[in-house]
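**Student:**
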Amino acid sequence: MTTPLPTPRHPDAPPTALDPADPAFARDPYPYYARLREQGPAARVPLANGTHAWFVTGYEQTRAVLADPRFSNVPPRGAGRPKSDSPAQRARACLARHMLNTDAPDHTRLRRLTTAAFAPRRVDTLRARIEELTDGLLRDVAERLAREGSADLVDAFAFPLPVLVIGEVLGVPEADRAALRDWTYRVGSPADALRPGAVDEAWTSLYAYFGELIAHKRRAPGPDLFSALTHDATEGGLDDGELLAMAFLLLFAGYETTMNLLASASLLLLTHPAELAAARRDPGRWPAVVEETLRHASPLEGTTWRHATQDVDLGDGTRIPAGSSVLAVLAAANRDPRHFPEPDAFRPGRYAHDATGRGPRAAPHVAFGHGPHFCVGSRLARLEAAVALPRLFAAFPGLRLTADAAELPYRPGLLVRGPRSVPVAA
């Protein structure tokens, strides 16, 4: 077994351990990941909570880990610190039984139930509705800019659009969506970054809400996915616990990633005027803007935690011992200089191609994962961004950022990543 590598330190991080709740690390984790990757594609990292984990930062090694069944998604018994037997912990344990925390054959069965809902043909039929929802939000943004002189693109645009879209797909009442956003934000953040008790309250509230929603769908089913899943449960497709967990996962994953994609793309275009001008001149460039944003500012910073079920040699002399916690860091893999020239530069041209579709293409990014756990909602996220971004910048040709981009707050943690605020004026 190789000797554990020393852990490089972010300038503002604690001297001996990585703290994912550190605002400076959340804003810019890339220098840390680059130094980590320079010493090898995987390294054992001490964390501020007293545990250790292997961070996989190399592109090829990340893809290998994501497709290797020796890295299990099922949390091992007794993983982490001992937890009290509280209502919040019982709620969390139930909602965490979703398909991202399973392996085949359970994962295969659970994934099959959602694949049809996000099939390409069905997703593509949403384009007109996404256009309609986007135009309505942009009218609201225009009113706010006229009234107040400024607006926050996260609160007014990047958050509400995917919430409206996934709310319609899943049949979540519009009046409930703000509360759901707050609860899902909390459970996806390190507890140290929030007030005491905030995470436990969120888990309890989510558990109660989904239980009530599913009961309502059983009484009055509609054409939405929740109703279909509820019917599947009565036919033996899902048990009650799996149904609750599936409801949580689809809502959380259905808007969080797209919100971060929209917010990050808006910010990148506002700070790269030449790239924005190029997209305005050539509408065919917008898909490349979306793909480069996914690579450069991965909305999923890391995957869900895995653990090695046996010793695994990654093929470069790095051996991850059995029982180790492993995080595939998508944000780092997507900036591996061995696969992406000028990895820290935002260059949509690397994902553009000529009119024949046969032009040079960059290596495929892993922003939506890889292998059996590849995100089923990736096509919907891409469609929302491809529709909404050109409409945003066409509606406000003089849009400008009103704060220092380097000082904007970012969501803490190692799971999802995106700016919490993008203040603008027109």
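For what it's worth, my numbering labels the leading residue of the sequence shown as 73, then goes sequentially.
Ideal placement from N, C-alpha and C gives every residue a C-beta, glycine not left out.
Decide if H124 is buried, meaning its Cβ has at least 16 other Cβ atoms within 10 Å, or exposed.
**Tutor:** Along the sequence shown, one-based indexing puts residue 124 at 52. That one is exposed.
**Student:** Need the endpoints of the beta strand (DSSP E) that F127 sits in, please.
**Tutor:** For this step, residue 127 is matched to residue 55 along the sequence shown. First-last of the beta strand (DSSP E) with F127: 124-128.
**Student:** So, is D94 buried or exposed, given that buried needs 16 or more other C-beta atoms within 10 angstroms?
**Tutor:** For this step, residue 94 is matched to residue 22 along the sequence shown. Buried is the call here.
**Student:** Are the Cβ atoms of T376 and N121 separated by less than 8 Å?
**Tutor:** Your numbering for residue 376 matches position 304 in the sequence shown. Your numbering for residue 121 matches position 49 in the sequence shown. Cβ distance not < 8 Å, so T376 and N121 don't count as in contact.
**Student:** Name the one or two DSSP bridge partners that A165 has.
**Tutor:** In the sequence shown, counting from the first residue as 1, residue 165 sits at position 93. Partner(s): none; A165 has no beta bridge.
**Student:** Can you tell me which of T276, G294, T330 puts its alpha carbon nearest to the alpha carbon of L316?
**Tutor:** Here residue 316 refers to the residue found at position 244 of the sequence shown. The option with the nearest alpha carbon to L316 is T276.
**Student:** Note down the Cα distance separating E215 from A457, rounded to an integer number of angstroms.
**Tutor:** Counted from its first residue, the sequence shown places residue 215 at position 143. Counted from its first residue, the sequence shown places residue 457 at position 385. For E215 and A457, the distance between alpha carbons rounds to 22 Å.
**Student:** Considering only DSSP beta bridges, list what S397 is partnered with.
**Tutor:** Along the sequence shown, one-based indexing puts residue 397 at 325. Note: S397 sits in a beta bridge opposite H379.
**Student:** Give me, in chain order, the residues of the same chain whose beta-carbon lies closer than 7 Å to that of S336; leave out the 5 immediate sequence neighbours on both sides.
**Tutor:** As a position in the sequence shown, residue 336 is number 264, starting the count at 1. These residues qualify, in order along the chain: T365, A369, P371, G490, P491.
**Student:** With burial defined as no fewer than 16 other Cβ atoms inside 10 Å of the residue's Cβ, what is the status of F97: buried or exposed?
**Tutor:** Walking along the sequence shown from the start, residue 97 turns up at place 25. So F97 ends up on the buried side.
**Student:** Considering only C-alpha positions, which residue in the set R211, D227, L182 is nearest to D254?
**Tutor:** For the purposes of this step, residue 254 is taken as residue 182 along the sequence shown, with counting starting at 1. Nearest option by C-alpha distance: D227.
**Student:** Rounded C-beta distance between D212 and R463? I'm assuming under 8 Å.
**Tutor:** Here residue 212 refers to the residue found at position 140 of the sequence shown. Here residue 463 refers to the residue found at position 391 of the sequence shown. At roughly 13 Å, the Cβ-Cβ gap does not stay under 8 Å, so D212 and R463 are not in contact.
**Student:** Report the residue from E479, L487, A498, D385 whose alpha carbon sits nearest the alpha carbon of D65.
**Tutor:** Outside the displayed span of the chain (73 to 498) sits residue 65, for which this structure offers no information.
**Student:** In whole angstroms, give me the CA-to-CA distance for D196 and I202.
**Tutor:** For the purposes of this step, residue 196 is identified with residue 124 of the sequence shown, where counting begins at 1. For the purposes of this step, residue 202 is identified with residue 130 of the sequence shown, where counting begins at 1. Cα to Cα, the separation comes out at about 10 Å.
**Student:** Given T187, which residues of its chain have a CB within under 8 Å of its CB, disregarding the five upstream and five downstream residues?
**Tutor:** By one-based count along the sequence shown, residue 187 stands at place 115. So the qualifying residues of the chain are V448.
**Student:** Ordered along the chain, which non-local residues of its own chain (more than five positions away) have a Cβ less than 8 Å from that of L278?
**Tutor:** The sequence position of residue 278 within the sequence shown is 206, counting from 1. Excluding residues within five positions, the ones whose Cβ falls inside 8 Å are A163, L167, L252, W255, T256, V259, F320.
**Student:** The beta strand (DSSP E) with V496 in it runs from where to where?
**Tutor:** The count along the sequence shown starts at 1 and reaches residue 496 at position 424. Its beta strand (DSSP E) spans residues 495-497.
**Student:** Go to R199, then tell me how far its alpha helix (DSSP H) extends in each direction, as first and last residue.
**Tutor:** Within the sequence shown, the letter at position 127 stands for residue 199. It spans 199-220 - the alpha helix (DSSP H) in which R199 sits, taken as one unbroken run.
**Student:** Excluding the 5 residues preceding and the 5 following D175 in the sequence, name in chain order all residues of the same chain whose CB lies nearer than 8 Å to its CB.
**Tutor:** Here residue 175 corresponds to residue number 103 of the sequence shown, with the count starting at 1. For D175, where only same-chain residues beyond five positions count, the Cβ hits under 8 Å are P141, S144, N145, V146.
**Student:** Is the region 467-486 touching the region 242-251 in the sense that three or more CB pairs, one from each, lie closer than 8 Å?
**Tutor:** The region 242-251 vs the region 467-486: no contact.
**Student:** Check P103 in the structure and name its three-state DSSP category.
**Tutor:** As a first step, residue 103 is located in the sequence shown; it is residue number 31 there, counting from the start. It is helical.
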